[in-house]
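Read the structure below first, then the notes.
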Amino acid sequence: MTDITKYIKQQGGYATMKGLKEAKYQTRDIRKYVNQNMIEKVKPGLYRLPDTGFYKNVNLSFVDACNAIPTGVICLGSAINYYNLSTYNPREIHIAVLNSEKPVKIIYPPVKFYYFRKNQYETGIEIIKTKYGDIRIYDIEKTICDIFRFRNEYGDEIALESLRNYTKRKDADYNKLRRYSKICRVYSIINPYLKGLIAMS
282 MTDITKYIKQ QGGYATMKGL KEAKYQTRDI RKYVNQNMIE KVKPGLYRLP DTGFYKNVNL
342 SFVDACNAIP TGVICLGSAI NYYNLSTYNP REIHIAVLNS EKPVKIIYPP VKFYYFRKNQ
402 YETGIEIIKT KYGDIRIYDI EKTICDIFRF RNEYGDEIAL ESLRNYTKRK DADYNKLRRY
462 SKICRVYSII NPYLKGLIAM S
């Protein structure tokens, strides 16, 4: 293990360009380590160790995205996949940010941005703690509401599949779902389906 990989491991698997320079690593050496695949560049100014088992049992792409985009929240397709609400599995990480933010250039992983209004952005954020950094993701009820809000993109089938699988969960909180659906302006769409699914269960 080289000195730089030891240093990044001590930092929890991630290091900034500023931190590396303060630790006396030169820009040309950092570039050389990236070219030799000894470290990986997540975005300009952010580096991590290669995925060689160091990040075992952690969704590394979620950690990468949240480290690279400090205000980003895992949402929509990525969130329904995380909660096993649907077989849908997007190729990019779906990230929500405030609609007032400028796009962030990120090298890896591939990211698709969604721009939310303030009240819809702030509702239902959950923090998953890992030793490599926090994963910010919308909770399951907010995820359901967002999928219905973007049903023109995802399709009614995925939205209904997600809601159907949600009602089978023991931890389903229908009051919270209805409250969130009003904030997301999809109450009149979700509630009739929810009533029907509850009646059938």
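For what it's worth, the working numbering labels the leading residue of the sequence shown as 282, then goes sequentially.
Virtual Cβ for every residue (Gly too), placed ideally from N, Cα, C.
- Shown here, residue 295 sits in a strand according to DSSP, grouped into three states.
- Relative to residue 448, the option among 418, 430 and 367 whose CA is nearest is 367.
- Residue 407 and residue 328 have their alpha carbons spaced roughly 25 Å apart.
- Uninterrupted alpha helix (DSSP H) stretches at least 4 residues long and entirely within the segment 384 to 452 occur at 399 to 403, 421 to 430, 432 to 435 and 437 to 448, given in chain order.
- If you keep only unbroken alpha helix (DSSP H) runs of at least 4 residues inside the segment 343 to 375, you get 357 to 363.
- Here residue 322 carries a strand assignment [DSSP, helix/strand/coil].
- Residue 477 has its alpha-carbon roughly 29 Å from the corresponding atom of residue 402.
- Around residue 445, the same chain offers 478 as residues with beta carbons nearer than 7 Å, after the five sequence neighbours per side are excluded.
- In the displayed model, residue 467 falls within coil according to three-state DSSP, outside both helix and strand.
- Looking at the DSSP output, residue 475 bridges to nothing.
- Between residue 361 and residue 443, the C-beta gap is smaller than 8 Å, which places the two residues in contact.
- As DSSP reads the structure, residue 460 sits in no beta bridge.
- Annotation: residue 351 to residue 435 spans about 26 Å, alpha carbon to alpha carbon.
- Under the three-state reduction of DSSP, residue 480 is assigned to helix.
- Annotation for residue 319: 283, 285, 286 and 331 place their beta carbon closer than 8 Å to its own, counting only its chain and skipping 5 residues before and after.
- Here the segment 365 to 384 does not lie against the segment 454 to 467, with fewer than 3 beta-carbon pairs under 8 Å apart.
- A straight line joining the alpha-carbon of residue 452 with that of residue 308 spans about 50 Å.
- The beta carbon of residue 426 lies closer than 6 Å to those of 461, 462, 465 and 467 in the same chain, with the five residues before and after it left out.
- Under a 10 Å Cβ-count criterion, residue 294 is classified as buried, with 16 or more other Cβ atoms of the shown protein chains found around its own Cβ.
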